[in-house]
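Each remark here refers to the structure printed beneath this line.
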């Protein structure tokens, strides 16, 4: 059984192509807010997050609260998550530098922010 598992892991590792600078990018941000932030405030932040889709390089945007789960493998401790898609890493960089994104981070997210984690793939 261990040999089979090792063979599958090796095969999957070989099958995954290396990152390419011209590939599409998914940018995932997992957000935890401060304890004193209300559910209504979180809802308002989620609504304001949708304005990020106005940035021309954003191909798709999803934002929402975690799905409650009793499964041990699921982390539902975060307040909300954002997923954005870009055509390329260059487009993601344009997004990061865009004035709408900068204002969102400073005026909407930062005042409520406890911690965040970003995954790009």
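In my numbering, the protein residues as written are 31 to 151. Cβ atoms here follow ideal geometry from the backbone N, Cα and C, with glycine treated the same way.
For residue j and residue i, the rounded distance between their alpha carbons
{"i": "residue 144", "j": "residue 93", "result": "18 Å"}
{"i": "residue 150", "j": "residue 65", "result": "27 Å"}
{"i": "residue 86", "j": "residue 133", "result": "16 Å"}
{"i": "residue 121", "j": "residue 82", "result": "14 Å"}
{"i": "residue 73", "j": "residue 130", "result": "19 Å"}
{"i": "residue 53", "j": "residue 125", "result": "16 Å"}
{"i": "residue 70", "j": "residue 90", "result": "25 Å"}
{"i": "residue 77", "j": "residue 88", "result": "17 Å"}
{"i": "residue 61", "j": "residue 114", "result": "14 Å"}
{"i": "residue 68", "j": "residue 123", "result": "32 Å"}
{"i": "residue 136", "j": "residue 99", "result": "31 Å"}
Reduced DSSP secondary structure (H/G/I, E/B, other) of residue i
{"i": "residue 126", "result": "helix"}
{"i": "residue 85", "result": "coil"}
{"i": "residue 79", "result": "helix"}
{"i": "residue 74", "result": "helix"}
{"i": "residue 147", "result": "strand"}
{"i": "residue 90", "result": "strand"}
{"i": "residue 19", "result": "Residue 19 lies beyond the stretch modelled for the chain, which goes from 31 to 151, so this question has no answer here."}
{"i": "residue 111", "result": "strand"}
{"i": "residue 58", "result": "strand"}
Among the options, nearest to residue i - alpha-carbon criterion
{"i": "residue 109", "options": "103, 102, 97 and 115", "result": "97"}
{"i": "residue 59", "options": "112, 141, 116 and 140", "result": "112"}
{"i": "residue 55", "options": "116, 99 and 100", "result": "116"}
{"i": "residue 63", "options": "103, 57, 80 and 95", "result": "95"}
{"i": "residue 75", "options": "142, 128 and 146", "result": "142"}
{"i": "residue 147", "options": "128, 119, 105 and 101", "result": "105"}
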